[in-house]
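Asker: I am attaching a structure below and will ask some questions about it afterwards.
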Amino acid sequence: MSSPHHITIEPIAGRVLVTKGEKTLAESRRALALKEGSMAPIIYIPRDDIVMTAFQRTERSSHCPFKGDASYFRLTIGDQVTDDVAWSYEDPKTDVAAIKDHLAFYPGKVDAIVVQ
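Those letters in the sequence shown? Residues 1 to 116, per the working numbering, in order.
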């Protein structure tokens, strides 16, 4: 019996750009789109394509039975701090292993997530 919960992960064609204010937080041609059930796709960007020096891991965590345990990140730009702006699955479940070492951003906590 197969699970009715379906997750797909596909590469995104083109460039993904994430910005807040005048700062580019991420720029990637290797981003992934994770589609889970009927929800809108979530873009996951490799850490190598993110300005990780602007992010600090927070104490917050959550658990997804399909993806694993999520860690959350705070963004600091000058004296502006935005808590839990992004999340990551540090040790994702086997079915979603492709998102390891990637971050996803909350659209409402950054100014833009653009696919070009």
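We put the CB at the ideal spot given by N, CA and C, even for glycine.
All values reported here derive from a predicted model rather than from experimental measurement.
What is the DSSP secondary structure of V110, counted as helix, strand or coil?
Answerer: In the sequence shown, residue 110 corresponds to position 110, counting from 1. Coil.
Asker: Determine the burial state of A13: buried for a count of at least 16 other Cβ atoms within 10 Å of its Cβ, exposed for fewer.
Answerer: Your numbering for residue 13 matches position 13 in the sequence shown. Per the 10 Å Cβ criterion, exposed.
Asker: Quick check: V16 and V115, are their CB atoms within less than 7 Å of each other?
Answerer: Within the sequence shown, residue 16 is the residue found at index 16, counting from 1. Within the sequence shown, residue 115 is the residue found at index 115, counting from 1. Yes, the Cβ-Cβ distance between V16 and V115 is below 7 Å.
Asker: Sorted by chain position, which residues of the same chain lie with C-beta nearer than 8 Å to D111's C-beta, five sequence neighbours on each side aside?
Answerer: Your numbering for residue 111 matches position 111 in the sequence shown. Counting only Cβ-Cβ distances below 8 Å, and skipping sequence neighbours, we find T19, K20, G21.
Asker: Identify which residue in V85, T76, Y106, S71 has its Cα closest to the Cα of D91.
Answerer: Reading the sequence shown from its first residue, position 91 is the one you call residue 91. Taking only the C-alpha atoms, the option nearest D91 is S71.
Asker: Buried or exposed: where does V85 fall if 16 or more other Cβ atoms within 10 Å of its Cβ makes it buried?
Answerer: If you number the sequence shown from 1, residue 85 lands on position 85. It counts as buried.
Asker: Can you check which of these residues, F66, Y44, L103, is closest to V75 by C-alpha distance?
Answerer: Residue numbering aside, residue 75 sits at position 75 when the sequence shown is read from its first letter. Note that residue 75 is Leu in the sequence shown, not Val. Of F66, Y44, L103, the residue nearest in Cα terms is L103.
Asker: Expressed to the nearest angstrom, what Euclidean distance is found between the alpha-carbon atoms of Y106 and S28?
Answerer: In the sequence shown, residue 106 corresponds to position 106, counting from 1. In the sequence shown, residue 28 corresponds to position 28, counting from 1. Cα to Cα, Y106 sits roughly 17 Å from S28.
Asker: Identify every residue that forms a DSSP beta bridge with D69.
Answerer: Taking the sequence shown and counting its residues from 1, the one referred to as residue 69 is at position 69. According to DSSP, which records beta bridges pairwise, D69 is partnered with H63.
Asker: Check for me: the beta strand (DSSP E) holding S88 runs from which residue to which?
Answerer: Locating residue 88 in the sequence shown gives position 88, where the first residue counts as 1. Here the beta strand (DSSP E) through S88 covers 80-89.
Asker: Excluding the 5 residues flanking F66 on each side, which residues of the same chain have their C-beta closer than 8 Å to its C-beta?
Answerer: Translated into the one-based positions of the sequence shown, residue 66 becomes position 66. So the qualifying residues of the chain are H5, I7, E36, K93, D95, V96.
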